[in-house]
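Colleague: Number 180 in full-length UniProt numbering belongs to position 180 of the sequence shown; there are no gaps in the numbering. All C-beta atoms in this analysis are idealised placements derived from N, C-alpha and C, irrespective of residue type, glycine included.
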Amino acid sequence: MKIIIAPDSFKGSLSAEAFCKVVGREAEEVFESAEIIELPVSDGGEGMVDSLLAVTGGERITKRVKGPLFEEINAEYGILEGGAAVIEMAAASGLPLVPEEKRNPMETTTYGTGELMLDALERGCREIILGIGGSATTDGGIGAAAALGAQFLDDKGQEVPLSGKGLEKIVTIDFSSVDRRWQKIKITIACDVVNPLCGALGSAAIYGPQKGADDETVSRLDRGLDHFERLIAGQRGEKFRDLPGIGAAGGLALPFVAFMGAALRPGLEIVLDVLEFDRHLQGADLVVTGEGRTDEQSAMGKVLCGVSGRAAAQGIPVVALSGALEKGYEPLYGKGLTAAFSTWKSGEGLEWQMAHTEENLSNTARNLFRLVQAFN
């Protein structure tokens with residue numbers, strides 16, 4: 001019996017790595033000679049560094065960088081065994097780093113994310129995998145690009161503020177001082193939304209309010225992003241505003257795609273490829289996945305969807321053990337999922353369930369494997 005365990009985290013209560021340990025332990029109790037492969041998965045956002053380091057090995061790096069409000073903070077990223085750097089922009093430019101009363105995307109910057117990228121370059125990394133979920137910013141990536149040497153100047157030839165309020169002031173974009181070593185570096189940006197840069201579905205309109213923007217600020221940021229993209233389009237000879245996902249994380253990817261050859265890819269696909277998921281599936285009898293809550297969003301490119309699809313392509317059954325099964329998860333059956341079970345104990349409230357996540361998961365996994373054993 002070969003069993004692949006490939007979950008997402010139970011946010012707030014159990015990491016994907018801990019899920020693997022709990023379920024793996026129960027599998028070994030029932031199938032003493034089973035081959036258990038633990039592959040904690042992330043969709044390219046929170047937990048991507050932990051997920052990839054746990055499976056592939058590598059080194060965790062701590063770097064002093066500028067936080068979202070230009071304050072000095074410590075931020076971590078990973079360098080995998082193969083030499084690729086894995087960076088979560090949230091580590092340096094994330095919303096949780098900004099106190100709620102100070103949240104204002106006109107003032108926040110991605111500069112620290114660029115500093116992490118630069119540190120990876122100096123350490124000899126030839127590939128950068130950048131996860132862009134959870135940002136506090138809508139600066140069009142000018143902060144991060146400036147950290148690499150790019151210049152964004154106003155009509156007086158002075159550097160604009162490297163935050164959202166600087167976008168509308170840009171007159172000149174100059175990448176000539178960016179280290180030429182970047183020309184040989186592969187930059188892949190993990191993005192799981194398809195929002196354009198501007199407009200009703202754009203970066204400012206959709207994500208600005210959760211970052212502290214009021215209606216007036218949203219309009220100003222949208223105009224700034226529109227202006228910035230028009231300058232880039234004129235300089236590069238092509239438009240980028242409607243590229244799927246270019247509006248993610250306040251438009252962070254825009255200068256990197258336009259000037260540095262970066263590619264946008266679904267974060268989950270990047271993670272599964274780095275984990276060599278398809279190779280591990282060969283000869284597997286069962287895949288166990290799961291997440292804290294499985295609902296209609298789970299079928300839209302999330303971990304359960306990606307894991308189920310790849311396993312089904314090889315004819316392998318997939319079972320999800322999730323904290324809660326909410327309305328709308330059923331489309332997952334059409335994407336390769338065989339069955340789904342809630343780990344929650346009836347009669348108990350959310351606080352109790354969160355406190356007993358590991359125990360509940362262990363009990364559900366044990367019952368699953370006993371059932372599988374009975375049919376083998």
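(1) Would you tell me roughly how many angstroms separate the C-alpha atoms of Val274 and Ile37, rounded to the nearest one?
(2) Could I get the ranges of all uninterrupted alpha helix (DSSP H) runs contained in the segment 281–364, with 4 residues as the minimum, in chain order?
(3) Is DSSP giving Ile142 helix, strand or coil here?
(4) Pair every Cβ in the segment 21–31 with every Cβ in the segment 43–57, then say whether three or more of these pairs are closer than 8 Å.
(5) Would you give the residue range spanned by the beta strand (DSSP E) that Lys63 belongs to?
(6) If you draw a straight line from the alpha carbon of Cys191 to that of Lys11, how long is it in whole angstroms?
(7) Taking 7 Å as the cut-off, decide whether the C-beta atoms of Asp139 and Gly157 are in contact.
(8) Would the segment 148–162 and the segment 209–218 be scored as touching if the rule is three or more Cβ pairs under 8 Å?
(9) From what residue to what residue does the alpha helix (DSSP H) around Arg265 run?
(10) Could you give the uninterrupted runs of the beta strand (DSSP E) lying entirely in the segment 237–271, keeping only those of 3 residues or more?
(11) Using the three-state DSSP reduction, which class does Lys156 fall into: helix, strand or coil?
(12) Which word fits Ser177, buried or exposed, when buried means at least 16 other C-beta atoms lie within 10 angstroms of its C-beta?
(13) What are the start and end residues of the alpha helix (DSSP H) that includes Glu26?
(14) Note the first and the last residue of the continuous alpha helix (DSSP H) segment covering Thr113.
(15) Per DSSP, what are the beta-bridge partners of Tyr207 in this structure?
(16) Using a Cβ-Cβ cut-off of 8 Å (strictly less than) and excluding sequence neighbours within five positions of Arg126, which residues of its own chain qualify?
(17) Any idea what DSSP makes of Ile232, helix, strand or coil?
(18) Taking the alpha-carbon positions, what's the His280 to Ile4 distance?
(19) Would you call the segment 51–62 and the segment 89–106 touching, i.e. three or more CB-CB distances under 8 Å?
(20) Report buried or exposed for Gln353, applying the criterion of at least 16 other Cβ atoms within 10 angstroms of its Cβ.
(21) Hey, Pro266 and Ala299: beta-carbon distance below 7 Å or not?
(22) Does the segment 225–237 come within contact of the segment 128–136, defined as at least 3 CB pairs closer than 8 Å?
(23) For Tyr333, does the count of other Cβ atoms within 10 angstroms reach 16, so buried, or fall short, so exposed?
(24) Find out if the Cβ-Cβ distance for the pair Ala75, Ala92 is shorter than 7 Å.
(25) From the DSSP output, read off the bridge partner residues of Val86.
(26) Can you name, in chain order, every residue of its own chain whose Cβ lies under 6 Å from the Cβ of Asp295, other than the five neighbours on each side?
(27) Would you be able to state if there are at least three C-beta pairs under 8 Å between the segment 317–325 and the segment 333–346?
(28) I need the straight-line Cα distance from Ile206 to Met117, nearest angstrom please.
(29) Thinking C-alpha only, which one of Glu168, Ala311, Trp182 and Ser308 is nearest Phe256?
(30) The beta strand (DSSP E) with Thr172 in it runs from where to where?
(31) Consider the Cβ of Ser13: report whether some Cβ of chain B lies at a distance smaller than 7 Å.
(32) So, at 7 Å on beta carbons, what are the nonlocal neighbours of Ala90 in its own chain, with the 5 sequence-adjacent residues on each side left out?
(33) Using a 10 Å radius around the Cβ and a threshold of 16 neighbouring Cβ atoms, would you call Asp174 buried or exposed?
(34) By a C-beta neighbour count over all protein chains shown, 10 Å radius and 16 as the cutoff for buried, is residue 378 buried or exposed?
Modeller: Put simply:
(1) 15 Å
(2) 303–313 and 350–355
(3) helix
(4) no
(5) Gly58 to Lys66
(6) 19 Å
(7) no
(8) no
(9) Arg265 -> not in any alpha helix (DSSP H); beta strand (DSSP E) instead, spanning Ala263 to Arg265.
(10) 263–265
(11) coil
(12) exposed
(13) Ala16 to Val30
(14) Tyr111 to Glu122
(15) Tyr207 is not bridged to any residue.
(16) Gly83, Ala84, Lys184, Ile185 and Lys186
(17) helix
(18) 8 Å
(19) no
(20) buried
(21) no
(22) no
(23) exposed
(24) yes
(25) Gly78 and Ile129
(26) Glu326, Gly328 and Tyr329
(27) yes
(28) 27 Å
(29) Trp182
(30) Thr172 to Asp174
(31) Looking at the structure shown, chain B is missing, and only one protein chain is on hand.
(32) Glu46, Gly133, Gly134 and Ser135
(33) exposed
(34) Because the chain is modelled from 1 through 376, residue 378 falls outside the range shown and cannot be assessed.
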